[in-house]
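Student: Following UniProt numbering, the residues of the sequence shown are numbered contiguously, the last one being 142.
Pasting in a structure now, in structure tokens, and then I'll have a few things to ask.
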Amino acid sequence: MTAAERPRPAADRDSAAWWRALRRHEFTLQRCDGCGTLRFPARDLCARCRSEVWSWTAGCGTGRVVSWVVTHQVVHPAFADEVPSTVLYVALDDAPGLYCWGGLTGAGPDALRSGLAVRAVFTDVDDELTLVLWRPEAAQVA
């Protein structure tokens, strides 16, 4: 199965700028223009001040592993060659309570532990889609 036949994330009004930034290999976060609160994933309303006005700002693209799951079953035929796969839940260093998820790269799941420092890396699936993966910081992988 080709990359074009795989299920794809749907960009909407709130997240379209995120997907465009990923194409440029930029890690960005939504910032409320009313109170300055960072948020991820993108949404149309600030949970803190209820403002509907927001912009995008560069994120540092680093964080710490909170949790992860290793999938051993094929959940879709398009991804059969990627099993087992590991998805990380990462607390972003940009702001407390801000989390992002993404696949693991650069190490196997045996290297993972809660609190492990990771950095966002970008994988170009094709000419239209780039995804975020998380790579453990080299000094922390044994």
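Built from N, CA and C at the ideal position, the CB exists for glycine as well.
Per DSSP, P136 forms a beta bridge with which residues?
Tutor: According to DSSP, P136 bridges with V118.
Student: How many Å lie between A95 and T57 at the Cα?
Tutor: Those two C-alpha atoms are separated by around 13 Å.
Student: Pairing CB atoms from the segment 125-132 with CB atoms from the segment 15-30, are three or more of them under 8 Å?
Tutor: Touching, yes, given that three or more Cβ pairs across the two stretches are closer than 8 Å.
Student: Mind checking V53: buried by the 16 CB within 10 Å criterion, or exposed?
Tutor: So V53 counts as exposed.
Student: Helix, strand or coil for D124? Go by DSSP, reduced to three states.
Tutor: Strand, per DSSP.
Student: Nearest to E137 by CA position, among G34, V65, C49 and R48, is which residue?
Tutor: E137 has its Cα closest to that of V65, out of G34, V65, C49 and R48.
Student: Measuring straight from C-alpha to C-alpha, what distance separates A78 and E5?
Tutor: About 7 Å.
Student: What span of residues does the beta strand (DSSP E) with R64 cover, start to end?
Tutor: Its beta strand (DSSP E) spans residues T62 to T71.
Student: Using CA atoms only, rank isn't needed, just tell me which of C60, A107, P41 and T37 is closest to R50.
Tutor: Comparing Cα-Cα distances from R50 to each of C60, A107, P41 and T37, the minimum goes to T37.
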